[in-house]
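Undergrad:
2 protein chains.
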Amino acid sequence: MTINRRFLLVRRPNGAPVAADFSLIEAPLAPPPPGKFILRNHFASLDPAQRGWMSDEPSYMPPIPLGEPVRATTVGRVESSACPEYAPGDWVMGLNALEDFSLVTPGGFTAKVDVSKVASPSQFLSVFGAVGLTAYFGLLEAGQPQAGETVLVSGAAGGVGSVVGQIAKIKGCRTIGIAGGPAKCRRLLEEYHFDVAIDYRGKTLQQLSAAIAAAAPRGVNVIFENVGGDILDAGLQNLAMRARIVLCGLISEYNNAAGHVGARNVWQLIVKRATMHGFLIADYVPRFAEGAAQLGLWMAEGRLHVDEHIDVGLENAYAAFMKLFSGENQGKMVLKIAT
Amino acid sequence: MTINRRFLLVRRPNGAPVAADFSLIEAPLAPPPPGKFILRNHFASLDPAQRGWMSDEPSYMPPIPLGEPVRATTVGRVESSACPEYAPGDWVMGLNALEDFSLVTPGGFTAKVDVSKVASPSQFLSVFGAVGLTAYFGLLEAGQPQAGETVLVSGAAGGVGSVVGQIAKIKGCRTIGIAGGPAKCRRLLEEYHFDVAIDYRGKTLQQLSAAIAAAAPRGVNVIFENVGGDILDAGLQNLAMRARIVLCGLISEYNNAAGHVGARNVWQLIVKRATMHGFLIADYVPRFAEGAAQLGLWMAEGRLHVDEHIDVGLENAYAAFMKLFSGENQGKMVLKIAT
Numbered sequence: 001m002t003i004n005r006r007f008l009l010v011r012r013p014n015g016a017p018v019a020a021d022f023s024l025i026e027a028p029l030a031p032p033p034p035g036k037f038i039l040r041n042h043f044a045s046l047d048p049a050q051r052g053w054m055s056d057e058p059s060y061m062p063p064i065p066l067g068e069p070v071r072a073t074t075v076g077r078v079e080s081s082a083c084p085e086y087a088p089g090d091w092v093m094g095l096n097a098l099e100d101f102s103l104v105t106p107g108g109f110t111a112k113v114d115v116s117k118v119a120s121p122s123q124f125l126s127v128f129g130a131v132g133l134t135a136y137f138g139l140l141e142a143g144q145p146q147a148g149e150t151v152l153v154s155g156a157a158g159g160v161g162s163v164v165g166q167i168a169k170i171k172g173c174r175t176i177g178i179a180g181g182p183a184k185c186r187r188l189l190e191e192y193h194f195d196v197a198i199d200y201r202g203k204t205l206q207q208l209s210a211a212i213a214a215a216a217p218r219g220v221n222v223i224f225e226n227v228g229g230d231i232l233d234a235g236l237q238n239l240a241m242r243a244r245i246v247l248c249g250l251i252s253e254y255n256n257a258a259g260h261v262g263a264r265n266v267w268q269l270i271v272k273r274a275t276m277h278g279f280l281i282a283d284y285v286p287r288f289a290e291g292a293a294q295l296g297l298w299m300a301e302g303r304l305h306v307d308e309h310i311d312v313g314l315e316n317a318y319a320a321f322m323k324l325f326s327g328e329n330q331g332k333m334v335l336k337i338a339t
Numbered sequence: 340m341t342i343n344r345r346f347l348l349v350r351r352p353n354g355a356p357v358a359a360d361f362s363l364i365e366a367p368l369a370p371p372p373p374g375k376f377i378l379r380n381h382f383a384s385l386d387p388a389q390r391g392w393m394s395d396e397p398s399y400m401p402p403i404p405l406g407e408p409v410r411a412t413t414v415g416r417v418e419s420s421a422c423p424e425y426a427p428g429d430w431v432m433g434l435n436a437l438e439d440f441s442l443v444t445p446g447g448f449t450a451k452v453d454v455s456k457v458a459s460p461s462q463f464l465s466v467f468g469a470v471g472l473t474a475y476f477g478l479l480e481a482g483q484p485q486a487g488e489t490v491l492v493s494g495a496a497g498g499v500g501s502v503v504g505q506i507a508k509i510k511g512c513r514t515i516g517i518a519g520g521p522a523k524c525r526r527l528l529e530e531y532h533f534d535v536a537i538d539y540r541g542k543t544l545q546q547l548s549a550a551i552a553a554a555a556p557r558g559v560n561v562i563f564e565n566v567g568g569d570i571l572d573a574g575l576q577n578l579a580m581r582a583r584i585v586l587c588g589l590i591s592e593y594n595n596a597a598g599h600v601g602a603r604n605v606w607q608l609i610v611k612r613a614t615m616h617g618f619l620i621a622d623y624v625p626r627f628a629e630g631a632a633q634l635g636l637w638m639a640e641g642r643l644h645v646d647e648h649i650d651v652g653l654e655n656a657y658a659a660f661m662k663l664f665s666g667e668n669q670g671k672m673v674l675k676i677a678t
């Protein structure tokens, strides 16, 4: 009998998740019932959004039920199938969970992927997955950057942020990236071609605001926001007239048990007649092929570079997930499950 | 020699303005130099925005210089003129100051007005001024309300809010107004035809949120925000998918010496893919005639009712201004200067 290791959420985190909020269990794997198939998960995406799904606050998806494995986008191969559209050996990606095997009902985000053209199937979790597509549609559709404008990206060394910066550059914008620590800031300049890198560590709100002002004396036209807190507030203090803020994530406050900080300087939206757009990639599913094709072309032309930070082993899921919040990861965080 | 009483800002308020931040002085009135004219101010508009102009925080206008009279939109008659376009007796409105007489340079917002068609020249400071036009363009252009949608208005008994609610109703929307105290809530229902009135006084954030949820079980499609703080946060907890938030003012925090509260629940913009637009009427100057004409038609048809709360006497400027923050005013706050 096959054993399925499953990384369960057993308690809702209060502030930063702790190891005891999760439990790695072993369960027998049953064959798929009619209409479903079993997916052997090879890679799982680790994303800040998962922290939100662990809470029971109303959100765009139901909370992960307690006692169930942590929801995650995965890519893997069909192990056994009781539905005609999926055959053993097919590569498939979808919204599954942190576990060796997922029982999948076709539909929703589940789709076959062609791994023959990519360097690694994990790229369907980074550049060709929600991360790359969030950067692509978030920046271009919600941000509407124009050539010559200045784009400010927070979390700029992360999976989404690094792609946003490169797309903005391709579109003829001046790019300013904010990240934590000198190593990440060096990557911003050397790998992702940001014009300016700002290290937020050790800076007060006013120092951060002054650093942005020095880098963008005429203000920023687009903010792509992944972080929130002081970083968002400093950005809001440096808006150009009619700026667009793409609100993609607020990782700085996901573990804040004391409540939401939000956008304290929202008054600046009035001063600069700026607009803040809440962005979620789920709205762009019908256009995924268009986005992925363009991202692939840029990759092939050497104009887009995507880093993946791959940790190995389901037993390391907690430690790997927490790197998103400590900032230890260097690129899109991925967990390799099948070794 | 004519004496000009002038209501000066002599100190930047720290938190709520106090009487000692101002000084009413008497100065001799000089004749206008070439190219300028002297306006006898009959009515002055008192607006929350003036509190912002008293601060030296960067904003959409330079701060009122210390020792100068408090900037205000006024309407009055030309007293004497040294420019050909304006003759003594002409009625004029413009961005002037709280003083008996203003020395005016033609241009900017200054414009002649035809008082023969209006009930009182003060209407150029309410329905046909920035207040009515902010409601008109803010709701219709930034808010884009559709018939059948639900519109939530904060500060709903105020100058802007009361007009927003009535326009939303004319456009076929369901309207929910938030105001302070039973008298204002009664006015919301009886005079401004709101479908639901919510009294925010004595309610916690969660109670306020629950009251909005009860009034709009499917969420609110448009928020017209004049207040901020708990009221904005409660609104953000009740957004319908793809809601639009027109950020027009944040009166709850203008006197907050401790710093900005902003929008703590800005995360909900992502959850609901909502958009927050900073709105300032100054962007719509070229379309003022269009807006004023439509507002006038609705007035003539009896579909739009605008209340003015007129206090009398420059010596009462401070007390009248502070009613904006205590909520004592019943309608658009106006100061009658010439008696």
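Protein chains in written order, with the working numbering: chain P, 1 to 339; chain H, 340 to 678. For every residue, glycine included, the Cβ atom is placed at its ideal position computed from N, Cα and C. In this text the structure is predicted, and so the values were computed from the model without any measurement.
Enumerate in chain order the residues of its own chain whose CB-to-CB distance from P:PHE7 is below 7 Å, with the five nearest sequence positions on each side excluded.
TA: Here the set comprises PHE22, LEU24, PRO69, VAL70, LEU98, GLU99, LEU314, ALA317.
Undergrad: Smallest Cα separation from P:ALA282: which of P:PRO65, P:LYS36, P:GLY94, P:ALA16?
TA: P:GLY94
Undergrad: Please state the DSSP three-state secondary structure of P:GLU290.
TA: helix
Undergrad: As an exercise, report each continuous beta strand (DSSP E) stretch of at least 3 residues that is fully enclosed by the segment 558-615 of chain H, in chain order.
TA: 559-564, 578-586
Undergrad: Can you list, in chain order, the residues of its chain with a C-beta nearer than 8 Å to that of H:TYR399? Leave out the 5 residues immediately preceding and following it.
TA: LEU619, ALA621
Undergrad: Taking its Cβ as the centre, do 16 or more other Cβ atoms sit within 10 Å of H:MET580, making it buried, or is it exposed?
TA: exposed
Undergrad: From P:GLY302 to P:VAL164, what distance separates their C-alpha atoms?
TA: Taking the straight line from one Cα to the other gives about 16 Å.
Undergrad: Could you check whether the Cβ of H:ASN565 sits closer than 7 Å to any Cβ belonging to chain P?
TA: no
Undergrad: State whether the segment 251-259 of chain P contacts the segment 576-592 of chain H, with contact taken as three or more CB pairs (one from each stretch) at a distance under 8 Å.
TA: no
Undergrad: Got a sec? Which residues, its chain only, sit under 8 Å from H:GLY406 by beta carbon, not counting five neighbours each side?
TA: LEU347, LEU348, VAL349
Undergrad: Per DSSP, P:LEU368 forms a beta bridge with which residues?
TA: For chain P, the structure presents residues 1 to 339; residue 368 of chain P sits outside this window and is missing.
Undergrad: Which of the three DSSP states, helix, strand or coil, is assigned to P:LEU103?
TA: strand
Undergrad: State the start and end residues of the unbroken alpha helix (DSSP H) segment that holds H:GLY498.
TA: 498-509
Undergrad: Can you give me the Cβ contacts of H:VAL466 inside the same chain, cut-off strictly under 6 Å, excluding the 5 residues immediately before and after it?
TA: LEU634, VAL645
Undergrad: I want to verify the contact list: residues of chain H whose CB lies under 8 Å from the CB of P:THR275, in sequence order.
TA: THR614, MET615, HIS616, GLY617
Undergrad: Kindly indicate which residue of P:GLY35, P:PHE43, P:ARG40, P:SER116 has the alpha-carbon position closest to the one of P:PRO84.
TA: P:GLY35
Undergrad: Quick test of the definition: if touching needs 3 or more C-beta pairs under 8 Å, does the segment 96-115 of chain P touch the segment 41-59 of chain P?
TA: yes
Undergrad: Going by DSSP, name the residue or residues bridged to P:THR74.
TA: P:ALA44, P:GLY94
Undergrad: Give the range of the beta strand (DSSP E) segment to which P:ALA130 is assigned.
TA: No beta strand (DSSP E) contains P:ALA130, which is instead part of the alpha helix (DSSP H) from 130-137.
Undergrad: Tell me, which residues are paired with H:GLY649 by DSSP?
TA: Checking the sequence shown, residue 649 of chain H turns out to be Ile, not Gly. Its beta-bridge partners are H:VAL673.
Undergrad: Nearest to P:MET299 by alpha carbon, out of P:ALA214, P:ILE167, P:LEU232, P:PHE194?
TA: P:ILE167
Undergrad: What residues match up with H:THR449 in a beta bridge as DSSP calls it?
TA: DSSP, once it has assigned bridges, lists no residue as partnering H:THR449.
Undergrad: Can you tell me whether P:PRO121 is helix, strand or coil according to DSSP?
TA: helix
Undergrad: Grouping DSSP H, G and I as helix and E and B as strand, with all else coil, what is H:ILE517?
TA: strand
Undergrad: Rounded to the nearest angstrom, how far is the Cβ of P:VAL113 from that of P:PHE124, given a contact under 8 Å?
TA: With 8 Å as the limit, P:VAL113 and P:PHE124 qualify as a contact, their Cβ atoms being about 5 Å apart.
Undergrad: Which residue's Cα is closest to the Cα of H:HIS665: H:SER591, H:VAL624, H:ARG626?
TA: In the sequence on display, residue 665 of chain H carries Ser and not His. With distances taken between CA atoms, H:SER665 lies nearest to H:SER591 out of H:SER591, H:VAL624, H:ARG626.
Undergrad: Go to P:LEU208, then tell me how far its beta strand (DSSP E) extends in each direction, as first and last residue.
TA: Premise fails: P:LEU208 lies in the alpha helix (DSSP H), 205-215, not in any beta strand (DSSP E).
Undergrad: Hey, quick one: how far does the alpha helix (DSSP H) through P:ALA317 stretch, first residue to last?
TA: 317-326
Undergrad: By DSSP's criteria, H:ASP538 is part of a beta bridge. Which residues make up the other side?
TA: H:ALA518
Undergrad: Anyone know if the C-beta pair for H:ALA495 and H:ALA518 falls short of 7 Å?
TA: yes
Undergrad: So what does DSSP say about H:PHE620, is it helix, strand or coil?
TA: Checking the displayed sequence, the identity of residue 620 of chain H turns out to be Ile instead of Phe. Note: H:ILE620 maps to helix in three-state DSSP.
Undergrad: In whole angstroms, give me the CA-to-CA distance for H:PRO556 and P:ALA16.
TA: 33 Å
Undergrad: For the alpha helix (DSSP H) holding H:GLY391, just list the boundary residues, first then last.
TA: 388-392
Undergrad: Per the DSSP calculation, H:SER493 is bridged to which residue(s)?
TA: H:SER493 is bridged by DSSP to H:ILE517.
Undergrad: Taking C-beta pairs closer than 7 Å, name the residues in chain P that H:ARG626 reaches, listed in chain order.
TA: Residues of chain P passing the Cβ test: none, with the nearest at roughly 15 Å.
Undergrad: From the DSSP output, which residues share a beta bridge with P:PRO69?
TA: DSSP, once it has assigned bridges, lists P:LEU8 as partnering P:PRO69.
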